[in-house]
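Presented below is the structure to which this report refers.
Protein chains in written order, with the working numbering: chain X, 1 to 291; chain W, 292 to 618; chain R, 619 to 944.
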């Protein structure tokens with residue numbers, strides 16, 4: 001009895017989920033990368049080895065050393081510190097952007113998929129219209145209208161991601177809505193809110209989680225891309241796009257800034273992707289069953 | 292759960308009253324002029340081949356598929372044009388169990404939530420509810436199944452859970468669509484025994500929709516045979532199956548193989564397949580496949596004839612078939 | 619080939635599936651013979667191994683499945699010794715399969731005529747176009763399709779379920795194989811169509827002496843069609859008998875339970891027999907009789923050792939208590 005009670009006591013659901021996510025190597029990798037990014041982003045300035053904006057003119061464009069672990073940039077600033085601060089900026093923009101995209105896409109997708117008819121036509125047309133703009137052109141247009149603010153960047157990225165979330169939600173809602181259990185619920189007398197909230201929504205979240213995890217790094221990439229082009233975040237803020245841009249100017253003198261920034265982007269993308277795929281498997285109640 | 296006595300409220304009004312109901316999907320006349328009565332506490336089997344419109348008729352009676360014309364009253368609710376409140380009352384009094392038990396259970400809810408959901412939807416006070424354990428016990432499932440997800444149940448177990456869900460609100464009518472589909476013989480037998488016992492215990496009327504004559508013959512008192520959207524014969528199961536008045540009923544009875552080698556009958560009584568419900572034949576819809584069809588059958592649509600003894604048959608020659616049995 | 623060789627001989631056949639890297643035995647030493655021109659029914663609940671057995675005869679086991687003991691001969695020839703080309707000619711030419719689901723077995727992108735022609739070109743490359751076409755028309759007519767020429771031009775989705783099953787049977791008959799394996803051929807069909815398909819199979823045997831292995835869970839169809847029946851449970855044959863004897867006096871408790879579980883409007887008053895529990899899965903370890911856990915008569919002798927298949931005249935039964943319980 002005691003043993004059972006004790007075991008029950010420790011079973012906090014969140015930890016169970018983490019343990020199951022970490023059950024495979026890709027899950028461990030994804031989890032580690034994301035946790036590391038979060039820690040770096042949250043603690044930011046408190047843990048950078050140097051001031052990311054301090055110039056060290058004697059040590060410009062150096063390779064990795066014991067003082068500057070990843071080397072320095074063209075002004076002798078510590079690359080590691082700049083990348084760490086960059087992670088913070090990237091997430092500061094990508095997370096709210098994707099969150100807005102998810103919520104807006106989810107609502108639009110639910111409405112279109114479940115209600116169908118005219119609502120569906122209108123939503124699909126709007127999503128098509130957004131998607132038909134190339135993201136960068138959209139960004140250029142909006143940012144030149146709104147000015148170069150962070151909020152503008154967040155909104156532009158969010159808008160660019162709404163169609164993908166909207167479409168995925170709509171498609172899953174449609175396929176779930178056709179399944180007999182929705183009819184069975186209706187026959188029990190369940191109203192639309194209950195059917196959508198209790199029965200449809202839980203069955204469409206797993207593709208959305210994967211999509212969110214995949215879209216977060218692309219939001220980071222888009223944000224860096226905009227900064228690289230001189231839109232959004234401006235130098236000397238150590239945004240990854242800014243660091244990359246600075247690095248490209250002097251790539252013949254030192255490849256390190258470009259190399260390490262790209263590595264940071266790549267690891268971020270891989271980490272989120274692996275975590276997303278793992279979460280999808282873990283959250284699916286049916287995974288592991290043999291049919 | 293309170294033992295409210297349903298029998299006390301009986302009036303002359305039948306539980307289900309359908310008059311000249313038609314349910315068309317574009318050009319497809321799935322249900323094409325059906326008149327049907329089911330008394331409170333009565334059991335009716337609706338039998339027919341695929342495309343006969345039997346499932347559509349059942350769904351129309353429950354208001355799940357809108358009728359194109361005619362009138363349907365189920366459990367005192369005028370189903371066509373019923374408002375939200377009337378509809379909710381209808382859903383409380385008339386429940387359905389679906390053909391595919393796994394697909395009809397919300398996959399992310401555990402059995403416990405699935406079983407209490409009807410009560411939450413209809414805000415049934417705690418005191419008037421059956422507990423999860425009681426419901427599981429009613430359908431002969433051990434209490435530990437409460438924690439399982441639908442995909443962890445076998446076909447027979449999932450079927451029992453959907454039966455428990457359907458009876459949780461103590462409906463007056465239960466519609467069972469192919470309740471033994473996909474089950475092995477033993478599991479199917481257990482479900483049929485259960486339905487028979489439950490409906491007798493609770494005093495529930497039920498409508499069983501199936502293509503399987505034996506299931507109906509075993510489980511219900513009355514039978515209605517559907518062909519191309521119409522009821523061609525109706526009456527007490529024993530009388531109808533032992534002495535069919537409609538050649539189609541006779542053909543069905545002959546077609547069902549008996550688990551008895553001595554029963555013989557390897558020659559099929561009718562050949563070919565039913566025509567499309569898009570273009571039903573003129574006259575009697577069965578005439579192109581009927582071995583006894585006459586010119587009259589080809590032109591004149593037979594109306595249901597009252598044969599006495601609670602029997603009806605839509606065949607010009609039904610009285611003759613009662614006198615000289617079909618062979 | 620020796621004259622005494624039966625059309626199909628299954629000897630001590632064991633089939634093992636690899637699931638999650640571990641072997642799971644689906645058939646445990648099944649032995650059966652089907653005489654020339656006989657219709658043998660194989661009945662049992664889902665998961666008893668009857669479809670595996672049907673597939674094993676044609677060497678058509680699903681991926682992961684392999685014969686782990688024993689073998690199959692058709693007209694004396696070891697099916698598992700045939701090489702690539704010989705195996706191809708054997709399948710279709712000497713033994714053919716009729717599947718449960720006629721829709722997935724036909725290619726949706728080609729007409730029935732094209733698909734029939736493909737089979738003919740493989741097996742009879744020398745035949746002229748006209749001869750192939752007339753043979754195809756013959757076969758479609760033979761299975762009771764009213765307008766064979768129209769069916770030849772049709773795509774599978776244009777046919778009804780009954781028509782598709784007839785087309786599948788036409789495929790099986792195309793090369794006049796002396797042996798047919800029918801795996802639940804009528805399960806997806808309406809009763810009137812089912813009756814017609816059963817009559818067609820019966821006629822094939824009566825007119826052409828075709829040997830048929832008829833796999834079904836429907837005891838009614840088996841009673842109507844078959845000469846002899848083998849009852850399977852948990853990958854084993856538990857009883858074989860002449861169809862009349864089996865239905866009149868089943869010896870194995872499982873057979874009795876199966877027969878008692880079938881509803882009938884002719885016996886309305888009776889409570890149906892149900893079997894408690896579920897069959898042991900492929901993963902379960904079974905000591906003694908596989909049915910013992912669900913058998914109302916099971917005693918110590920039943921779990922001590924696997925009961926042998928006892929021969930009683932023309933029939934066999936795998937139950938140590940068959941004398942007491944019958």
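The C-beta atom is built at its ideal place from N, Cα and C for all residues, glycine as well. Just so we're clear, the structure is a prediction, and the values are computed from it rather than from any experiment.
query, result
"Any chain W beta carbon closer than 8 Å to residue 822 of chain R", "no"
"Closest by C-alpha distance to residue 626 of chain R, when choosing among R:896, R:932 and R:799", "R:799"
"Rounded C-alpha distance that separates residue 2 of chain X from residue 900 of chain R", "Low confidence applies here, because residue 2 of chain X scores a pLDDT of 35, under 50, leaving its location unreliable and the question unanswered by this model."
"Member of W:336, W:339 and W:371 whose CA lies at the smallest distance from the CA of residue 352 of chain W", "W:371"
"Euclidean distance between Cα positions of residue 194 of chain X and residue 100 of chain X", "24 Å"
"According to DSSP, residues forming a beta bridge with residue 329 of chain W", "W:307"
"Identity of the residue in W:341, W:361 and W:337 nearest residue 324 of chain W by Cα", "W:361"
"Spatial distance of residue 735 of chain R from residue 751 of chain R (CA atoms)", "8 Å"
"6 Å Cβ shell around residue 239 of chain X - same chain, five flanking residues per side excluded", "86, 89, 227 and 233"
"C-alpha distance - residue 916 of chain R paired with residue 941 of chain R, whole-angstrom precision", "13 Å"
"Where the alpha helix (DSSP H) through residue 878 of chain R begins and ends", "871 to 879"
"Per-residue DSSP class, three states only, for residue 747 of chain R", "helix"
"Within-8 Å CB hit, residue 345 of chain W to chain X", "no"
"Cutoff 8 Å: residue 202 of chain X Cβ touching any chain W Cβ", "yes"
"Cβ neighbour criterion (16 or more within 10 Å) applied to residue 725 of chain R", "exposed"
"Burial state of residue 316 of chain W (16 or more Cβ within 10 Å)", "exposed"
"Cβ contact check for the stretch 453 to 466 of chain W and the stretch 400 to 412 of chain W: 3 or more pairs under 8 Å", "yes"
"CB of residue 204 of chain X within 8 Å of CB of residue 162 of chain X, strictly", "no"
"Option in R:878, R:887 and R:809 with minimal Cα separation from residue 512 of chain W", "R:887"
"Proximity test, Cβ basis, 8 Å: residue 180 of chain X and chain W", "yes"
"Where residue 408 of chain W meets chain X, residues with beta-carbon distance less than 9 Å", "185, 188, 190, 194 and 198"
"Residue range of the alpha helix (DSSP H) that includes residue 741 of chain R", "730 to 741"
"Beta-carbon neighbours of residue 353 of chain W, restricted to chain X and to distances below 8 Å", "187"
"Buried or exposed by the 16-neighbour rule on C-beta atoms within 10 Å, applied to residue 304 of chain W", "exposed"
"Minimum Cβ-Cβ distance from residue 620 of chain W to chain X less than 8 Å", "Look at the range of chain W in this structure, 292 to 618, and you will see that residue 620 of chain W is not part of it."
"Member of R:757, R:874, R:896 and R:668 whose CA lies at the smallest distance from the CA of residue 444 of chain W", "R:896"
"Classification of residue 146 of chain X by the beta-carbon crowding that lies within 10 angstroms, buried from 16 upward", "exposed"
"is_contact[residue 522 of chain W, chain R] using C-beta, thresh 8 Å", "no"
"Contact check, residue 468 of chain W vs residue 590 of chain W, beta carbons under 8 Å", "no"
"Short-range partners of chain X found in the stretch 497 to 517 of chain W, where Cβ spacing is below 7 Å", "none"
"Cα-Cα separation, residue 273 of chain X to residue 263 of chain X", "15 Å"
"C-beta atoms of residue 584 of chain W and residue 596 of chain W nearer than 8 Å", "no"
"Counted within 10 angstroms of its Cβ, other Cβ atoms place residue 494 of chain W as buried (16 or more) or exposed", "exposed"
"Chain-ordered residues of the stretch 789 to 818 of chain R with a beta carbon less than 8 Å from chain W", "808, 809, 810, 811, 812, 813, 814, 816 and 817"
"Start and end residues, alpha helix (DSSP H) containing residue 824 of chain R", "809 to 826"
"Counted within 10 angstroms of its Cβ, other Cβ atoms place residue 128 of chain X as buried (16 or more) or exposed", "exposed"
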